[in-house]
Amino acid sequence: MAKRPTLKAEKRQTLGKQVKKLRKEGVFPSNIYGKDIKSLAVQVPYKDFEAVYKEAGETGLVDLQVDSEIRPVLIHNVQKDHITKIPLHADFYQVNLKEKVKTMVPVITVGEPKAVVDKLGILMQTLNEVEVEALPADLPEKIEVNIETLANVGDQMAVSDLKAGSGVSVLTDAAQIVVKIAALVTKEAEAEAKAE
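The numbering used here numbers the first residue of the sequence shown as 2 and each following residue consecutively.
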């Protein structure tokens with residue numbers, strides 16, 4: 002089992018409109034919440050948060066140290082500046098390591114479909130993430146799906162084809178299509194669509 006990233010947090014006194022001032026000082030505002038847990042406003046150094054978020058994403062467990070107490074958390078609800086994409090705020094969801102949690106996990110395609118290599122069709126990914134349930138320590142960072150075998154227009158893979166790993170249940174409807182091969186758009190059809 003890989004060592005979890007650790008993040009040191011302090012209890013936050015600054016609330017409301019004053020929070021902007023914290024950001025200017027390189028401090029990242031957040032909240033801890035969870036089942037049967039009293040919500041707590043905390044702050045962490047922005048650089049530390051950024052490094053841990055890059056490593057753990059929203060499915061990796063993080064040890065959040067508040068005072069001398071270590072709390073296992075998942076990073077949730079990251080709000081980003083819509084222009085700079087810099088995180089502005091996040092919640093730390095405190096988990097019970099013995100209780101399963103539900104979360105969304107990205108689906109990543111691996112390889113290039115034969116149909117694309119042979120210039121028969123184009124790949125369409127219709128589902129970018131699925132909901133899973135697992136113990137916090139078993140949560141996958143991503144689910145990879147190998148798409149090299151898709152050879153013909155109309156070939157597809159559904160949620161039921163995903164392999165999520167042991168101890169992980171995929172909750173998204175198994176019949177939902179993840180990727181499929183669509184027909185190449187011909188130049189004539191493109192011209193007609195433009196004319197319309």
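Glycine residues also receive a C-beta, built at the ideal position from the N, C-alpha and C atoms.
Relative to the C-alpha of residue i, which residue among the options is closest?
i	options	result
residue 103	138, 85, 71, 119	138
residue 120	39, 183, 5	183
residue 173	130, 25, 155	130
residue 92	155, 45, 123	45
residue 54	42, 29, 40	29
residue 69	48, 12, 162, 5	12
residue 26	7, 47, 8, 14	47
residue 136	112, 96, 144, 118	96
residue 109	141, 100, 116	141
residue 118	14, 18, 185	185
residue 49	35, 77, 65	65
residue 169	113, 101, 18	101
residue 114	94, 158, 14	158
residue 14	31, 8, 7	31
What does the Cβ neighbour count give for residue i, buried or exposed, with the cut at 16 atoms within 10 Å?
i	result
residue 38	exposed
residue 98	exposed
residue 10	buried
residue 125	exposed
residue 122	buried
residue 167	exposed
residue 179	buried
residue 21	exposed
residue 52	exposed
Rounded C-beta distance between residue i and residue j? I'm assuming under 8 Å.
i	j	result
residue 160	residue 177	5 Å
residue 59	residue 75	7 Å
residue 5	residue 33	With 8 Å as the limit, residue 5 and residue 33 do not qualify as a contact, their Cβ atoms being about 16 Å apart.
residue 175	residue 133	No, residue 175 and residue 133 are not in contact; Cβ-Cβ is about 13 Å, not under 8 Å.
residue 181	residue 156	7 Å
residue 106	residue 144	6 Å
Could you tell me which whole beta strand (DSSP E) segments of length 3 or greater appear in the region 44 to 122? With a minimum length of 3 residues, the continuous beta strand (DSSP E) runs that stay inside the region 44 to 122 are 63 to 67, 70 to 81, 88 to 95, 102 to 111.
List in chain order: all unbroken beta strand (DSSP E) runs of 3+ residues lying wholly within the region 12 to 45. Those beta strand (DSSP E) runs which fall completely within the region 12 to 45 and span 3+ residues are 28 to 35.
Would you call the region 81 to 95 and the region 132 to 149 in contact, with 3 or more CB pairs under 8 Å? They do not touch, by the three-pair rule.
Quick check for students: name the residue ranges of the alpha helix (DSSP H) that lie wholly in the region 114 to 189, counting only runs of 4 or more. Counting only runs of 4 or more, we get 115 to 118.
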